[in-house]
Structures are given as C-alpha cells and as structure tokens.
Amino acid sequence: MRLKSLVLSGFKSFPRRTVIKFSHGVSAIVGPNGSGKSNIVDAIRWVLGEQNPRMLRAERMEDLIFSGNSKFAPDAARVKLKLDQCQDMAPPELKDLSEIEIERILFRDGASKFLLNGKVCRLKEIRYLFLDTGTGARAYSIIDQGRVGQFVTMTPEERRAMVEEAAGIARYRERRMQALSRMKTTLENLDRLEDVIAEVKRQRNALKRQAAKAEKYMELRKEEDRLGLLILKARATSLQSEEGILRNSLREKEQKKAGVEAELSALVMELSGLDLELEKLFSKQKELRQREEAIKDEEEAAFQLKSRLERELALLRQQEEAVREEIARLEGSISGLNRAISRCKAEIEDAKEALEKVRQQISSSEEEFKRREEALTKLKERREEIKDEFVVTASKRAAIFEKLSSLREKKENLEFRLERMSQKREELEEERARLTKELKGFEEQLANCENELKQLVEMQEAKRQTLLSLQEEIKALQGEKASLSAQYSQEEARFKALSRLEQEGTGLSDGTRRLRKELGQRARLVADVIEVEDGFEDLVEVALGVTLQALVVEERQVVLDVLENVRKGQKDLRGIGFLLGWNIAPEPAGSQREENKGEVILGSKVHGEETVARCVRGILNRWKVVDCLERLMESVEGAGQGEKGDYFFLSRDGFLYTPWGELRHVSIDSGESGIIYRKKELRRLEGNLEKLRALLDDVGQREAQLHSERKGLEAEVSRLSGKINGLEGRKKSLEKSLLKARSRLEGVEDRIELMLFEQEEMQDEYHSILPEIERLEQSLVDAEKEEQNLKRLLQDVDAEYGRKELELKEFQRERNRLMLKEQEIKGQLRNAEKELGRLEGSICRAKETIGQKKRQLKELSEKQASVSDELERARQRAKELREAREGLSGELRAIEEEIEGLREKRLVIERKKSETQKLLSGIEAEIGKLRIRLSEIAKNMEHLEEVCQEQFRR
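Under the numbering used here, the first residue of the sequence shown is numbered 7, with each subsequent residue one higher.
Structure, rendered in structure tokens:
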C-alpha cells in the first residue's frame, strides 16, 4: 500500500479543509518551527487508530480539535487518508478495490467514529486491515525521535514481534490467537457440560425414588379428603343453628332502635324551637350593642373635637401675644437703622476727599519713573555688549583648552595602551604555555576514556547473555506455572461443583436437609462418618439405601427435642432417620463372616468412626458381593438353607437375591451422583488442590527469585549502559574540549603577532603629538589674560546697573503703595454705599412686616371668636350622647338576663339528647356486630360449599 492523499479539517492547526497529495518517490515536509509539520504525522497516526492522546502530543482527545477563534470554530476534527493498493496487501474482502479510503471523525462531546470506504466500521477492522503491511498507529512505518535507539534496547519478544510484522505474518498470528481463545472457551464449556450431565443423572435416580413416595401420598390424600368432608358437614350444621339465633336477636335490637330514634327526634325539635328564640334575642342584642358602639364612637368624636378646639383656642391666644411683641420689636429697630444711615453718609464724603488726594500723588510719580527707566535701559545695553565680547573670548579659550585636553588625553591613552599592551602580551605568552600543557592532558584523558569504554562494552555484553538465559528459564517456569494453574483450575472447578451439590444436600430428602441445617454439628449423616474402599461405593449405597441419609446423634436430648417439635406439629419426620450413637451395641465376638471364594462381604470394606462403622458393618455383613449373575446363582445354589435366609447376594452387574428368595435387578451405576462417591471425591480433590497449591507456591517463589535476579541484571545492564553513555558523552566532551584547546592556542598565537604590529604603530603616533601640545599651551595663556580684562570691566558695569536698578525698584514700590491706597479707598467707598443701600432696604422691609403683623393680629381675633362658639356647641352634643348611652345600657342588661335563662333550659335538653344518642349508638354497634357475625357465617357457609365442591371434583 502507498499513501495517495491526506485530507484534514478542524484537526489541530488545520481549521479549514486542507488536501495534501503524495506523489511517487520520496515526499518531504519542510517549514519553520510551529508551522504544523508534526501535526501532519499526528494526523496519519490518529486516522490509523491511535487511542493514546499523549502519543499525539495532547492531554485529551478533545484537544485535537482546532480551538477556534472569533471568526471560525469547527464542531469536529476530520482526517481522511486515501491509500493506493498497488501491492495487493489488503484482506481478501478488499482486494478487488484499487483504492482504500479511511476516515476518522472526533466531535467536541467526545464521540468519534471510523469510516472505511465511506461506511461506518470498528477500530478492530482498521487494525486488521493494516496487519502484515507494516502500517499502523504504532507500526515501524512511523519512526519517532529516539525510536532507533529504542530498537537496540528492546527485549527479544518485542524485537520478534516487529520482525514478524515486517515479515507479513502478524495477521496469521492474530487469527491463531483468536482460534486458541475460541478453543479454550469451548473446552471450558465442555467441562461445565460434564458437570451438568453428572448432576442430571443423579437427579434422575432421586426422581425415581420420589415417584414412589408420590403414589403413597395420593392414597393418604384421598383418605384425608373423605375425613375432611365429614368435618365440613358437622361445621355447617353448627353454623346454621348459630345463624338462626343471631337473626332473632337482630330483629329485637332493630325494634328498640326505632323507639330510641323517635324519642331523639322529639328532643331535636324542642332544641330547634329554643335555638330560634335564642337567635331572635341574639339579633336584638347585637342591634342594641351596635347602636351603643355608634353612640360611644360619636361621643368619643365629640370629646376629641372639644379637646382640639380648646387647644386651638389656647394656641391662637399665644400667637396673638407673639405678633404684638414682634410689632413692638420692629418699630424699635427702625429708629436704630435711621441713625446708622446718617453715620454711613458721613463716611462716604470723607472717603471721596482722600481718593482725590491719592490720585494727584500718583500722577506726579509717573513722569519720574519713566526718566529713571530710560537711564537703566542704556546701561543694560552697554553691559550686554561687554558680555558678548567676554563670551567670544571664553569660547576661543574653551576651544583651545578642549583641543589641548584632547591631545593630552590622547597622549595619556597612548601611554596607557602601550603599557597595557605590554602586560597583555605577557599574559598571552603565559596563556599559550598553559594551553599547550592543557592540550597534552586532554589527549591523555581521551586515550584513557576509550580504554575504559571498551572494557564496559565487553562487561555489558556478558551481562546481556546472562539475562537472555535467565529469560529463557523464566519462560520455562511460566509454562510450567500455566500448566499447573490450568490443572488447579480444573480440579478447583470440579471441587466447587461437588461442594455446591454437597452444600445443597443433593440426593437427600427435604426433611433430612432441613433438619441437618437446623441441628448443625449436633447431627451428622452416616455417609459423613464412614469410609468405603475403592470400587465398592455404588454397592454400599445399594445395600444401605436410605440408611446413608440417617442422622448420627450422640446426645439423647437432641432426639427428644425433635420429637417434641413433631408432637407440637412444628416438624415432620417423614423421610428422616436417626442413628442413636449412645444406643449402638458393641460388635459381638465372632461376628466377622467368612468369605467364600469369589465372594466379598461388604462389611469388611467399610471403615470410619468406630461406633457408626460398627453399626454399618452390622448391616453390611449380611451382604455378599459377586462379579456377575452367573456367579450369584452359583453362590446361592452352593449356600446352605440357613445361609440363604441370612444373606443378601448382590452382583456387580446389578442383580440382587434377597433372603426371602426374591431375585430382582437394581441400579448400581450411580457414579458421581452417589453420596459416598461424592464425599470421597471431595476428600481426594481437596488433597490434590493442597498439593497443587504447594507446587504453584514453589514455582511462584522460584519465578519471583528469577524475576528478582533478572531485575538485578537489568539494573546492572542499565547501570552499565548509563556508564557507557556517560563515557561516550565524556569522550565527545573531551574531543570537543581538545578541538577547542587547539583552536584557542592558534587564536592566542595570532593575537600575539597582531599585538606586536599595533604596538609599533602607537609609538609612532605618540611622538608626533608632543610639539602640537606645546603650541596649544602658549595660546591658552594669551586667551586667559584677555578674558580677565573683560571680566573686570563687566564687574564695574554690573555694579552701576545694580545700584540704579535698586533705586528704580524703590521708586516703583512707592508708586505701587499709592495705587494700593487708591484701591483701598475705592473699596471702602463701595462698602459704605452697599451698607447704605442695605440699611435703607431693611427699613422698607421692617415697615412692610409691621403692616403684615397688624393684619395677622386682626385675623387671629376673628378666629378666636369662631372657635369659642364651636367649642360651646361640642360640649352640648357630648352631654346629649352620654344620656342616650346610659339608656341603651339598661335595655341590654334586661336582654342578657333573658338569654341566660334560655341557655340553661337548652343545656338540660342537650344532656338528655346526648344520653339518647349514646343509647342509640350502643344499639347500632350491637346491630353491626350481629350483622358482621351473620356475614362471617355466610362466608363460612360459602367456603364450606366451595371446599365440598372441590372435594367432589377430586
């Protein structure tokens, strides 16, 4: 197969649909870091079935979807890979196709799906498609960084898997593993089927025995039905007589109930009349109380109105007194304001005269200020001219000084550099000697490192050979362990199946299972305490029969308790037998029977607990076993008359001859379903399991020891690999250091030659600048003298300018003081005018307020007269309402006395009614009980009839 094209959409850094076509030959992807080259390889690995997000450089599978931006956010990541089937390597069902197309889609909710040629498929089908092709999510066709080195450190098993995949047999290995898995499942099913067959055989024998018991049960059931019919007939006669008595009693109770109901109706009618009369009185009482409440409310309102009018009258009188006091205060303040206006007008006249004098002084000072200012300006211009000459001279001196300083600095720099160069040359000579010595040391270290590396590689190879032999031994142990585990699992499954049958009590009667569970360790089965020699289990089961299921009881009290429960009807002993351990007689001397040739007495093949075994042997000593029917007939014919009446003869092919001369065929092929065989097999399996566990533990310990040794060797190999890698790194480092030392030595020699050349050039330059420095020093002295002369002249002019400037400033301060005084007088004048206006306004407002207060005083007098009249009317109305309320109270008291008398009468009738109702309830309860009993009798009669019909149907 060959890659033909790759289509990406919404995958990592490819938000839009991107198509990449692969032509014949080698295809390379080139681009800067972060451009998405590795994302293309991740897309191929992902579409081929990679399930681990870390292999795709992501934390979660959802991180593979393009995270989106403000313009576009895809809902899923899609990658489609088209393959050209040029080498016919596809499975048979796809060989007819020239192209194979695989597509994988991942949605944001975590759901994903695979498509093969446009049809939905499973990941298993994708992986099966690429078996034997070397292509896949983790196949050798995609080689990551470090993968080549990983091949060297692979285990032989991992390396073999890769070689098999390259050889094209991986698909057949996969099919082989699937076939082995199916075969293992089939074998396990066969094992389970054998257990089921054995269980069915055992149940078949048990069902035969149960069928005989069922026939006996049916006979007893018929007798039970006959006796039940007689009991039902007697019970029906008793119920009929009881029904007649109850019906007579019911008629008497109903007549008595009718009389009590008539008496109760009369009492109810009398109560209704009293209730109507009480209702009328209550209505009248309610009407009078409503009128009384209305009068009380009106009286309260009149009282509140009277109180409010009294408070309002007192308030009006207080307001009138306050208005009179306010008028007197305002008239006094008007006279004070007139005096203040006179003072304010006198202050305004004085301020106007002072302002005129200050204005005249300011006008005369303006002319003197202008003259002084012109003289100061001329002096300032002269000072600026001298400053310009001084600046030119200073600039000239600074230029000479700067040039001289530069040459001096250059001279000092050349001297310093020459001295520094001499020191540097000495240091470079020392560096050259040191590097030569260091180079020799690196060469010696490199030779030692190569020798040590060679020794470590040889040691590592020896350890690896030892590790390979250990792995072979571990593999052999694992095979042995797998074989033992399979054998253990088989034995354990059989043991569990038989244990389950044993726990369920399979083969035992229901009563025996139940009683055995209740008694626990106090009662054991006979089969639990005896042992039978091999080959005689089925014969002993036939001979003992139900005796095998008998419960061995050592304590008398246990049996007495069970019998007591049976007597009480709590237990059923059908199908249950007891072997009384305390009552078994000792085996008499000489009780051992003699065996004839070809005959075996069964009692000799039974062992176990002495008491029970003695009892069982007592039964089985009367049983002789022969090989076949012919041998049985010979033994019977050869036996004496007494022996025939004392022995049972049983052949291994299933024929039984009884002491009373009956010959019949019996089933002795119980096999695994037999109780004795099952218990014996359980003991054998338990021993085998114990041995297998011990063997598995030994193999496990040996395997753990070998694993520990292998881990130690792997750690040693890893340690040696680490040391080898360290030495190789050290070797590379030494080689790099050697190259660096040689390069540095060559660089030092080149720098020494260059330094000699530079030193000669600097000496020539130093001798050339000495004459120029002497000439510039003389020019600097001349410029400094000229600068000193200009400086003294400038100081004289500055002193004259400063003196005249101070005089001008003093004159200006005096002028400013006069201006401030002018402004101050103007402010005082404005304030006085404002105060005059304010006082005149206050007088006007006071006069207006006096007029308002006089009008308010008149209104208050009129309002007092109106409130006094209204207060008198309210007092008269309150008196009238109080008299009306007292009359209604007397009328209410008379009605309440009448209501109380009617209530007492009604209470007497209520008590009588209650007693009558109780009597009626008692009668109704008795009637209900009689009817319930009659209903029960009717149901019992119906039930008896149904039971009789059921008996007749049987």
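Don't be surprised by glycine CBs; every beta carbon is placed ideally from N, CA and C.
- Cβ atoms of residue 786 and residue 413 stay farther apart than 8 Å, at about 12 Å.
- Three or more pairs of CB atoms, one per stretch, sit closer than 8 Å, so the stretch 273-280 contacts the stretch 909-918.
- By the Cβ-count criterion, residue 110 is buried, with 16 or more other Cβ atoms from all chains shown falling within 10 Å of its own Cβ.
- The stretch 934-952 makes no contact with the stretch 308-318, as fewer than three CB pairs between them are under 8 Å.
- Membership of residue 637 in the alpha helix (DSSP H) is indicated by the continuous run 635-644.
- Rounded to the nearest angstrom, the gap between the Cα atoms of residue 358 and residue 349 is 15 Å.
- Residue 196 and residue 203 have their C-alpha atoms roughly 10 Å apart.
- Following the DSSP letters along the chain, one finds residue 131 inside the alpha helix (DSSP H) bounded by residues 129-135.
- One alpha carbon belongs to residue 775, the other to residue 417, and they sit about 7 Å apart.
- Per DSSP, residue 53 is one residue of the alpha helix (DSSP H) stretching across 43-53.
- Going by C-alpha positions, residue 17 is about 9 Å away from residue 73.
- Just so you know, the alpha carbons of residue 666 and residue 544 end up roughly 23 Å apart.
- The three-state reading of DSSP puts residue 614 in strand, counting E and B together.
- For residue 109, the enclosing beta strand (DSSP E) covers residues 105-113.
- For a cut-off of 8 Å, the C-beta gap from residue 136 to residue 128 is around 14 Å, too long to register as a contact.
- CA-to-CA, the gap between residue 685 and residue 485 works out to about 33 Å.
- Taking a 10 Å sphere around the C-beta of residue 690, we find fewer than 16 other C-beta atoms and assign the residue as exposed.
- DSSP places residue 122 inside the beta strand (DSSP E), whose first and last residues are 118-122.
- By the Cβ criterion, the stretch 382-401 is in contact with the stretch 804-811, since at least three pairs of Cβ atoms, one from each stretch, lie closer than 8 Å.
- For residue 549, the enclosing alpha helix (DSSP H) has its first and last residue at 543-550.
- With distances taken between CA atoms, residue 762 lies nearest to 435 out of 376, 435 and 123.
- The Cβ-Cβ distance between residue 53 and residue 85 falls below 7 Å.
- A direct Cα-Cα distance of roughly 19 Å separates residue 473 from residue 461.
- Here residue 883 carries a helix assignment [DSSP, helix/strand/coil].
- Bounds of the beta strand (DSSP E) holding residue 8 are 8-15.
- Going by DSSP, residue 25 is part of the beta strand (DSSP E) stretching over 24-27.
- Distance from the Cα of residue 845 is smallest, within the candidate group 81, 341, 303 and 193, for 341.
- The beta carbon of residue 320 lies closer than 8 Å to none in the same chain, with the five residues before and after it left out.
- For residue 56, there is no enclosing beta strand (DSSP E), as DSSP gives it neither H nor E.
- Per DSSP, reduced to three states, the secondary structure at residue 773 is helical.
- Here the stretch 635-644 makes no contact with the stretch 177-187; the two share fewer than three CB pairs at distances below 8 Å.
- Apart from sequence neighbours up to five positions away, the residues of its chain that approach residue 659 with a beta-carbon distance below 7 Å are 634 and 635, ordered along the chain.
- When the Cα atoms are used, residue 476 and residue 167 turn out to be separated by approximately 20 Å.
- For residue 70, there is no enclosing beta strand (DSSP E), as DSSP marks it with neither H nor E.
- With respect to residue 364, residue 859 sits apart: the two C-beta atoms are not nearer than 7 Å.
- Within the DSSP secondary-structure output, residue 537 pairs in a beta bridge with 613.
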